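For the sequence shown, this note's numbering puts the final residue at 597, and the numbers step up evenly by one.
Backbone N, C-alpha and C fix where the C-beta goes; we use that ideal spot for every residue, glycine too.
Nothing here was measured: the structure is a model prediction, and the numbers come from that model.
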Amino acid sequence: FDAGTFYLRYGERRLPIAPGAYRYVLAIALENLADQKDEDFYAELQSILTALEYLPKRTETKPKRIAERIREKEIIKRRLERRCTEAPQVQQAIEKALAQINGKPGNSRSFDKLDELLNAQSYRLAFWRVAAEEINYRRFFDVNDLAAIRVELPKVFDAVHRLILDLVSKGAVTGLRIDHPDGLYLPREYFEKLQQRCAKALGIGLRQGGRAIYMLAEKILTGPETLRKDWRVHGTTGYDFANQVTQLLVDSSAETAITKTFHRFIGHSIPFGHLLYAKKLQVMKLALANDVDVLGNMLDRLSEQNRWYRDFTLEALSRAVRETIACFPVYRTYLAPGQPVSDEDRQIVERAINAAKRRNPGIDESIFNYLRDVLLLRFPPNLNAAERAAHTHFVLKFQQATGPIMAKGLEDTVFYIYNRLTVLNEVGGEPQQFGSNVDTFHERNVDRCRNWPASLLATSTHDTKRSEDVRARIVAISEIPVLWRRSLPRWRMANRRWKRTINDLEAPDANEEYLFYQILLGTWPV
């Protein structure tokens, strides 16, 4: 309790207590002052309790009632602070009440009041792993403390960018790096709005499709994917270039030899495509289950609107969503309301749906066809405007979900398992591709010069796990595949004595050991 405000402290965390719930504490404090009913501070405390009873509920939606709640709760806090300052007895009674509510270890019933108080909050305290299945807000991947905000809402956009635009207007900032744009509800619209606001901050005009400030997007491009040309940015943050340079330095003629050595050392083969598919499913089960469950429930409600689809069960639709996401070949698509579906997005969706069908012959094909049509904004003819809006909202939420699942499955999982040549496992990399050639490298440079001449050319970023010099040395393994193959058994024998058995498993295992030798070659003096 401090300055008229109650709060909950757990370790280093300080969490707010809803003003309406102050009565749980003050009612007990009033009981503690029962022998001082004739004092002015007792009547004042009763008055504060009455004011709390009439405080508008947090569920109010009318602007006037919301404004009243915001105003009155601060008045109540000031009254409470003033009374505690003027009458130390009130402060003492509150402290005693808090001690009673906090309970006594060993007496479980003594925590009933605390439980009652916590249940009156607008949040629920829970073990952090519960979030994977029951959390009801979007997060940055699976980090509970990093709640996503709806920057597509005008008021939220203005609040989030107030400082940035002020710095731009003063000339203190001349360029912007947009982190994780794939998490945005509408990326293209966001970039357009931000450029317009920057132009306004700088006091300059902006022609159609123009750019007021240097802006880069941290966009991970997969395979032949290219940066969307309708984004008002100057290019990417250079992950694509960094990996193209690495691929150029890898001797692709050694792929078969290195792959055989890798599989022989770890004792089994690892098909990259199947591994990525399996790990994305694992992520959806263990880390981002609720995100996918929400999509399944949304799709189920949509299917109920049409007699042709209402017999699709929630479980079948949810499974189709999971399988389609697991088969998604890129981080996300970029469909938007009122815009035609691009050929690129259509091909991505159809490719994912077809792959999901092949992997799941037991799921009725018509369910996947329905999901495909929804994802491509092919509305059933009987939908009204509200139902069409609901369909579109599902698609936009689906697009927001595929990126984090790809990132967690690929960058945070597969990249630490598929250790054939670890320099290919940097963010934006494609470890299933073993090397490139000079002609391809030049073609990509020409394309970049033509379409994104101001794109960043990076060789390391904050996401890079291994620095340039370490990667350059590991790349050299592709030039000495025979020496690499012959050296591994000798190192394994020399280090066998350092291994341990943990939970009946060898540690480190063969795959981890294979990774360690590459890291040591990249970092130790030769």
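- Scanning the stretch 349 to 416 for uninterrupted alpha helix (DSSP H) segments of 4 residues or longer gives 360 to 374 and 385 to 397, listed from N- to C-terminal end.
- Exclusion of the five residues before and after Cys155 leaves Val161 and Gln162 as the residues of its chain whose Cβ lies within less than 6 Å of its Cβ.
- In this structure, Asp322 lies away from Gly500, with their beta-carbon atoms at least 8 Å apart.
- With a 10 Å radius around the Cβ and a threshold of 16 neighbouring Cβ atoms, Ala105 comes out exposed.
- Ser526 and Val498 have their C-alpha atoms spaced approximately 17 Å apart.
- Contact between the stretch 384 to 393 and the stretch 445 to 457 is absent: fewer than three C-beta pairs spanning the two stretches fall below 8 Å.
- Rounded to the nearest angstrom, the Cβ distance from Val494 to Arg542 is 4 Å, consistent with a contact under 8 Å.
- Listed in chain order, the non-local C-beta contacts of Asn368 below 6 Å within the same chain number zero, local neighbours out to five positions each way being set aside.
- According to DSSP, Arg248 shares a beta bridge with Leu287.
- The criterion of a C-beta distance shorter than 8 Å is satisfied by Lys468 and Leu366.
- Our two residues, Asn508 and Asn425, have alpha carbons roughly 31 Å apart in a direct line.
- Around the beta carbon of His334, fewer than 16 other beta carbons lie within 10 angstroms, which makes this residue exposed.
- When DSSP reads this structure, Pro87 sits in a beta bridge with Tyr78.
- Residue burial annotation: Asp414 is exposed, with fewer than 16 other C-beta atoms found within 10 angstroms of its C-beta.
- Between Glu223 and Arg248, the C-beta gap is not smaller than 8 Å, which leaves the two residues out of contact.
- By the Cβ rule, the stretch 183 to 191 does not count as touching the stretch 117 to 129, because fewer than three pairs are nearer than 8 Å.
- With contacts defined by Cβ atoms closer than 8 Å, Trp302 and Phe336 do not form a contacting pair.
- Distances from the alpha-carbon of Thr395 to those of Ala349, Ile147, Asp213 and Glu375 put Ala349 closest.
- The three-state reading of DSSP puts Ile573 in strand, counting E and B together.
- If only complete runs of 4 or more residues are kept, the stretch 270 to 324 shows the alpha helix (DSSP H) at 310 to 320, in order along the chain.
- For Asp540, the enclosing alpha helix (DSSP H) has its first and last residue at Glu539 to Val546.
- In the DSSP assignment, Asn103 falls within the unbroken alpha helix (DSSP H) covering Tyr93 to Asn103.
- In the assembly as shown, Gly306 is a buried residue. Its beta-carbon has 16 or more other beta-carbons within 10 Å.
- At the C-beta level, Thr530 and Ala325 stay beyond 8 Å of one another.
- At least 8 Å separates the beta-carbon of Ile235 from that of Val227.
- Out of Leu97, Pro127 and Val316, the CA that lies nearest to the CA of Ala114 is found in Leu97.
- Straight through space, the alpha carbons of Arg378 and Arg140 are spaced by roughly 45 Å.
- Pairwise C-beta distances place the stretch 441 to 448 out of contact with the stretch 478 to 497, as fewer than three of them are shorter than 8 Å.
- Ala397 and Thr332 have their C-alpha atoms spaced approximately 29 Å apart.
- When secondary structure is reduced to three states using DSSP, Phe72 falls in the coil class, being assigned neither helix nor strand.
- Between Lys351 and Gly474, the gap from beta carbon to beta carbon reaches 8 Å or more.
- Looking only at Ile99, Glu145 and Thr132, the smallest Cα-Cα distance to Ala89 is reached by Glu145.
- Taken through DSSP and simplified to helix, strand or coil, Ala138 comes out as helix.
- In the DSSP assignment, Ala529 falls outside any beta strand (DSSP E) and carries neither an H nor an E.
- Between Ile329 and Leu492, the CB-CB gap stays under 8 Å.
- Cβ-Cβ distances below 7 Å link Gln471 to Gly254 and Tyr256 in the same chain, with the five nearest sequence neighbours on each side left out; the list follows chain order.
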